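Working notes for the structure below.
Number of protein chains: 2
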Amino acid sequence: MQLNNMLKFKMGWIQVRGLHTDVVLSSRIRLARNFSQRPFPHNGAVKTLKATLEASFEAAKKTAGLAAAAYLKLEEMEDLDRQFLIERHLISPEMAKNYSSRGGVVGDKEMLSLRINEEDHLRLQGLEPGLSLSSLWKALNTLEEELARTLPLAFDEKWGYLTACPTNAGTGLRASCLVHLPALSATRQTAKLLEELSRIGLVVRGFYGEGTQPYGDFFQISNAISLGPKEEDIIDNIQRVLKSLVDHEKESRMILARPPHKSKLEDRVYRSLGILSQARSISFEETMQHLSRLRLGVSLGWEMPVDLHQINELLILSQPAHIQMIEGSELDAGARDLVRATLIRKKLER
Amino acid sequence: MQLNNMLKFKMGWIQVRGLHTDVVLSSRIRLARNFSQRPFPHNGAVKTLKATLEASFEAAKKTAGLAAAAYLKLEEMEDLDRQFLIERHLISPEMAKNYSSRGGVVGDKEMLSLRINEEDHLRLQGLEPGLSLSSLWKALNTLEEELARTLPLAFDEKWGYLTACPTNAGTGLRASCLVHLPALSATRQTAKLLEELSRIGLVVRGFYGEGTQPYGDFFQISNAISLGPKEEDIIDNIQRVLKSLVDHEKESRMILARPPHKSKLEDRVYRSLGILSQARSISFEETMQHLSRLRLGVSLGWEMPVDLHQINELLILSQPAHIQMIEGSELDAGARDLVRATLIRKKLER
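So the protein sequences, as listed, match chains A and B. Just so you know, we're using my numbering here: the first sequence kicks off at 5 and counts up by one. Just so you know, we're using my numbering here: the second sequence kicks off at 5 and counts up by one.
Here it is as structure tokens:
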């Protein structure tokens with residue numbers, strides 16, 4: 005449990021400054037980059053992987069954004085620490101499984117970070133609260149230019165940046181937003197909307213990205229294609245679609261908040277508050293579902309013992325590895341459910 | 005809505021003085037009696053029914069227990085008033101359906117009452133909190149002797165008191181207790197126990213007696229046979245069985261209140277508190293189920309914003325006709341659910 009000091013970090017991306025934070029929890033961009041003349045990580049010898057890790061650390065230390073960052077080698081950590089990094093969206097579940105010679109660099113407030121020897125040699129990640137892909141792109145662009153000064157990044161005039169998986173080639177860019185769509189879900193519009201999004205080149209996933217279920221009406225929406233359009237065009241496109249999705253969600257919330265729907269919604273929202281305020285044992289999945297309703301209530305201006313930021317924080321802290329970090333010991337699922345319920349009850353006490 | 009002043013009555017039988025009130029909410033005895041030389045009510049002409057009603061009123065006024073009672077003619081009431089009397093356990097659902105020339109006499113705190121022209125001409129009813137059939141029998145015996153001084157009650161040396169339905173002949177006595185068996189239910193012992201009770205001549209019914217479902221683990225237990233044994237023996241028998249049932253329920257509660265069951269039970273009980281404290285709409289059936297859990301929590305000494313008496317009161321006040329009386333207007337089911345939720349929330353606010 006080496007990382008428990010990270011519990012005290014202020015995660016910049018769960019703040020509620022920024023645009024449309026009642027619908028968009030966070031924006032994220034990642035850039036996939038690879039060293040030229042070097043096999044991709046899944047084919048790399050241990051020696052090569054280690055060289056990539058060290059070279060990346062050295063390059064990061066020379067950047068403005070990551071000079072004072074935390075430099076993490078996954079193989080020096082316990083399982084729980086790696087799970088914790090997944091829950092912070094700082095490494096992928098695959099990296100935690102195959103962690104030898106893998107590493108990460110985590111900047112101030114976790115807003116800028118690197119993943120080293122994931123699928124690609126290097127993945128640059130930026131996270132910000134609200135809908136703010138454009139400003140995020142500027143920050144990441146700067147970081148990339150700084151890294152490129154010392155690292156030999158593979159770039160082809162025709163194919164752009166080369167990546168381990170061809171679907172990431174070209175810009176190597178994936179822009180995504182974590183959105184909360186309780187009203188669109190309640191009015192059964194999500195299935196149709198998500199289908200439309202996929203037709204215009206966007207992908208929808210659950211809270212933890214690829215292969216995860218959408219609990220509590222939280223969705224990750226990102227671009228499917230990184231080859232072809234320019235970076236700015238990809239970002240403009242997703243930002244524009246997200247803005248329209250935000251409007252649609254907000255309209256649906258206003259409809260739900262008026263008769264004849266209001267009383268049913270109120271009942272649902274406040275029952276969730278009641279359960280979270282009193283439960284003695286609760287799973288993470290159930291927690292997400294209830295917090296989702298509280299979030300909706302808060303966004304409608306209803307009286308609640310917590311604000312949006314506190315709800316975002318509870319979403320993060322309620323995750324399994326976080327619960328164990330907070331408790332200071334490894335716990336099975338049943339024991340975690342007890343600790344989680346106690347944590348939530350305390351946060352909801354006014 | 006003539007009876008809304010009865011809302012302010014203190015119902016004696018929902019107090020928590022008496023024996024084993026954490027398991028036995030109330031004890032009840034009813035005595036079926038009929039006038040000699042007069043057809044039973046279902047065969048009676050209107051004129052005869054009215055004569056029975058008036059004669060019974062006159063006789064009751066001469067008794068010590070009912071001299072200052074409320075004298076009610078069901079045909080002079082609104083539907084809602086009759087529903088209210090059912091919910092107070094003062095008349096039967098059949099009387100409310102077929103109310104012409106039917107009536108009731110309701111004594112102080114509703115502890116002694118008469119039903120006139122129900123299935124039999126006269127049914128004497130006594131209600132007391134806790135397990136107290138013996139003292140109740142004395143009070144009812146006194147009332148019956150007083151009534152018999154002026155009313156010609158049909159009695160046969162061989163068959164005892166004659167009744168409309170032969171199953172009530174003999175003593176005409178039914179003793180019953182309203183019991184709360186959440187721990188026996190949680191440990192799946194009720195089905196077997198209820199089967200055993202029926203083998204020894206007892207009948208188990210739901211909250212409202214015959215033909216009603218047991219919600220919230222509330223059961224009415226009464227004697228099946230009234231012909232044969234003496235009154236005292238019927239009462240001694242049911243009192244003895246009930247005492248053993250109470251012990252069994254209390255033992256099961258203690259087991260549930262210890263590890264490994266405790267944490268699961270705590271979670272269940274407090275979630276019910278959370279839902280009742282925050283719901284904006286709730287049915288009577290769901291209310292009973294949650295109040296049942298609160299009752300169990302209180303009986304185990306757990307911290308709760310209400311005591312046993314307040315829970316008993318909420319059980320009564322949450323019933324559909326009561327909700328409409330409280331609100332002062334007739335309401336459909338959806339509107340009642342909103343008023344009920346508000347009432348409960350207020351009572352649970354500390």
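Virtual Cβ for every residue (Gly too), placed ideally from N, Cα, C. Every value quoted in this text rests on a predicted model; they were computed, and no experiment measured them.
Problem - Between the CA atoms of residue 200 of chain B and residue 37 of chain B - distance to the nearest angstrom - result: For the purposes of this step, residue 37 of chain B is identified with residue 33 of the second sequence, where counting begins at 1. For the purposes of this step, residue 200 of chain B is identified with residue 196 of the second sequence, where counting begins at 1. Each residue's Cα considered, the two are about 30 Å apart.
- Task: Closer than 6 Å by C-beta to residue 44 of chain A: which residues in its own chain qualify, once you throw out the five before and the five after it? Chain order, please.
- Result: In the first sequence, residue 44 of chain A corresponds to position 40, counting from 1. For residue 44 of chain A, where only same-chain residues beyond five positions count, the Cβ hits under 6 Å are 168.
Practice item. Would you verify that the beta carbon of residue 282 of chain B is, or is not, closer than 8 Å to some beta carbon of chain A? Key: Mapped onto the second sequence, residue 282 of chain B falls at position 278. Taking Cβ atoms only, chain A reaches closer than 8 Å to residue 282 of chain B, which makes this a yes.
Please classify residue 158 of chain A as buried or exposed, where buried requires at least 16 neighbouring CB atoms within 10 angstroms. Numbered from 1 along the first sequence, position 154 holds the residue referred to as residue 158 of chain A. The residue is buried, with at least 16 neighbouring Cβ atoms inside 10 Å.
Check your understanding: Which residues in the same chain as residue 90 of chain A place their Cβ atom closer than 6 Å to its Cβ, once the five residues preceding and following it in sequence are excluded?
Key -> To locate residue 90 of chain A, count along the first sequence from 1; it is residue 86. Hits under 6 Å: 97 and 100.
Of the residues that make up the segment 284-300 of chain A, which ones have a beta carbon closer than 9 Å to any beta carbon in chain B?
-> 284, 285 and 286
Point to revise | C-beta neighbour in chain B for residue 105 of chain A, strict 8 Å | key: Looking up residue 105 of chain A in the first sequence gives position 101. Cβ-Cβ to chain B under 8 Å: no for residue 105 of chain A.
Kindly indicate which three-state DSSP category residue 77 of chain A falls into: helix, strand or coil?
Translated into the one-based positions of the first sequence, residue 77 of chain A becomes position 73. Of the three classes helix, strand and coil, the one that applies to residue 77 of chain A here is strand, per DSSP.
Using a Cβ-Cβ distance cut-off of 8 Å, determine whether residue 279 of chain A contacts chain B.
The count along the first sequence starts at 1 and reaches residue 279 of chain A at position 275. With 8 Å as the cut-off, residue 279 of chain A counts as an interface residue toward chain B.
Taking only three categories from DSSP, how would you classify residue 172 of chain B? For this step, residue 172 of chain B is matched to residue 168 along the second sequence. Helix.
Q) Given 8 Å as the limit, is there contact between the segment 296-312 of chain A and the segment 256-275 of chain A, that is, 3 or more CB pairs closer than that? A) yes
- prompt: When the Cβ atoms of the segment 248-266 of chain A are set against those of the segment 23-33 of chain A, are three or more pairs found closer than 8 Å?
  reply: yes
ask   = Along the chain, where does the alpha helix (DSSP H) that runs through residue 64 of chain B open and close?
value = Locating residue 64 of chain B in the second sequence gives position 60, counting from the first residue. Residue 64 of chain B -> alpha helix (DSSP H) spans 50-65.
Three Cβ pairs or more, each shorter than 8 Å: is that satisfied between the segment 72-85 of chain B and the segment 313-322 of chain B? no
First and last residue of the alpha helix (DSSP H) that includes residue 297 of chain A?
Position 293 of the first sequence holds residue 297 of chain A. Looking at the DSSP string, the run of the alpha helix (DSSP H) that includes residue 297 of chain A is 288-303.
From residue 63 of chain B to residue 139 of chain B, what distance separates their C-alpha atoms? The residue you call residue 63 of chain B lines up with position 59 of the second sequence. The residue you call residue 139 of chain B lines up with position 135 of the second sequence. Straight-line Cα distance between these residues: approximately 23 Å.
Which residues of chain A have a Cβ atom closer than 7 Å to the Cβ of residue 267 of chain B, listed in chain order? The residue given as residue 267 of chain B occupies position 263 in the second sequence. Within 7 Å Cβ-Cβ: 284, 285 and 342.
Beta carbon proximity, residue 275 of chain A to chain B, threshold 8 Å = Walking along the first sequence from the start, residue 275 of chain A turns up at place 271. With 8 Å as the cut-off, residue 275 of chain A counts as an interface residue toward chain B.
Quick check on residue 124 of chain B - is its C-beta less than 8 Å from some C-beta in chain A? Indexing the second sequence from 1 puts residue 124 of chain B at position 120. Residue 124 of chain B does not count as touching chain A.
What is the DSSP secondary structure of residue 165 of chain B, counted as helix, strand or coil? As a position in the second sequence, residue 165 of chain B is number 161, starting the count at 1. Correct three-state label for residue 165 of chain B: strand.
Q: Grab the span of the alpha helix (DSSP H) containing residue 283 of chain A for me, first residue to last.
A: Along the first sequence, read from residue 1 onward, the residue named residue 283 of chain A stands at position 279. It is not in any alpha helix (DSSP H) - residue 283 of chain A carries neither H nor E in the DSSP assignment.
**Prompt:** Name the DSSP bridge partner or partners of residue 160 of chain B?
**Reply:** Working through the second sequence from its first residue, we reach residue 160 of chain B at position 156. Looking at the DSSP assignment, residue 160 of chain B forms a beta bridge with B:164.
Report the residue from B:136, B:58, B:171 and B:202 whose alpha carbon sits nearest the alpha carbon of residue 121 of chain B.
-> As a working mapping, residue 121 of chain B is identified with position 117 in the second sequence. When only C-alpha atoms are compared, the closest one is B:58.
Q) In whole angstroms, what is the alpha-carbon distance linking residue 180 of chain A and residue 65 of chain A? A) Position 176 of the first sequence, counting from 1, holds the residue named residue 180 of chain A. Position 61 of the first sequence, counting from 1, holds the residue named residue 65 of chain A. Cα-Cα distance, rounded: 27 Å.
Identify, in the order they occur along the chain, each residue of the same chain with its Cβ nearer than 7 Å to the Cβ of residue 325 of chain B, setting aside the five sequence neighbours on each side.
Counting from 1 along the second sequence, the entry for residue 325 of chain B is found at position 321. Around residue 325 of chain B: 84, 87, 88 and 91.
message: The alpha helix (DSSP H) that contains residue 255 of chain B, what's its start and end?
response: Position 251 of the second sequence, counted from the first residue, corresponds to residue 255 of chain B. 235-260 is the span of the alpha helix (DSSP H), which, as asked, contains residue 255 of chain B.
Q | C-beta neighbour in chain A for residue 353 of chain B, strict 8 Å | A | Mapped onto the second sequence, residue 353 of chain B falls at position 349. False, the Cβ-Cβ gap to chain A never drops below 8 Å.
Report the option in A:236, A:259, A:150 and A:177 whose CA atom is closest to the CA atom of residue 190 of chain A.
One-based indexing of the first sequence puts residue 190 of chain A at position 186. Cα-wise, what sits closest to residue 190 of chain A is A:259.
Can you tell me whether residue 319 of chain B is helix, strand or coil according to DSSP?
Along the second sequence, one-based indexing puts residue 319 of chain B at 315. Helix.
*Straight-line Cα distance separating residue 244 of chain B from residue 286 of chain B*: As a position in the second sequence, residue 286 of chain B is number 282, starting the count at 1. As a position in the second sequence, residue 244 of chain B is number 240, starting the count at 1. Spanning the two alpha carbons is a distance of roughly 38 Å.
Chain A residues whose Cβ lies nearer than 7 Å to that of residue 271 of chain B
Position 267 of the second sequence holds residue 271 of chain B. Ordered by position in chain A, the residues that pass the 7 Å Cβ test against residue 271 of chain B are 283, 284 and 285.
Going by Cα to Cα distance, which pick from B:33, B:161, B:104 and B:54 is closest to residue 364 of chain B?
-> Because chain B here runs from 5 to 354, residue 364 of chain B falls outside it and cannot be looked at.
Flag residue 121 of chain A as yes if its beta-carbon sits less than 8 Å from any beta-carbon of chain D, otherwise no. Absence of chain D from the displayed structure is noted, the protein chains being A and B.
### Task
Would you decide whether residue 184 of chain A is buried or exposed? Buried here means 16 or more other CB atoms lie within 10 Å of its CB.
For the purposes of this step, residue 184 of chain A is taken as the residue at position 180 of the first sequence. Buried, by the Cβ-count rule.
- [ ] Would you mind working out which of B:321, B:234, B:186 and B:11 sits nearest residue 141 of chain B, comparing C-alpha positions?
- [x] Within the second sequence, the letter at position 137 stands for residue 141 of chain B. If we check each option's Cα against that of residue 141 of chain B, B:234 comes out closest.
Span of the beta strand (DSSP E) holding residue 222 of chain B? Along the second sequence, read from residue 1 onward, the residue named residue 222 of chain B stands at position 218. 222-227 is the span of the beta strand (DSSP E), which, as asked, contains residue 222 of chain B.
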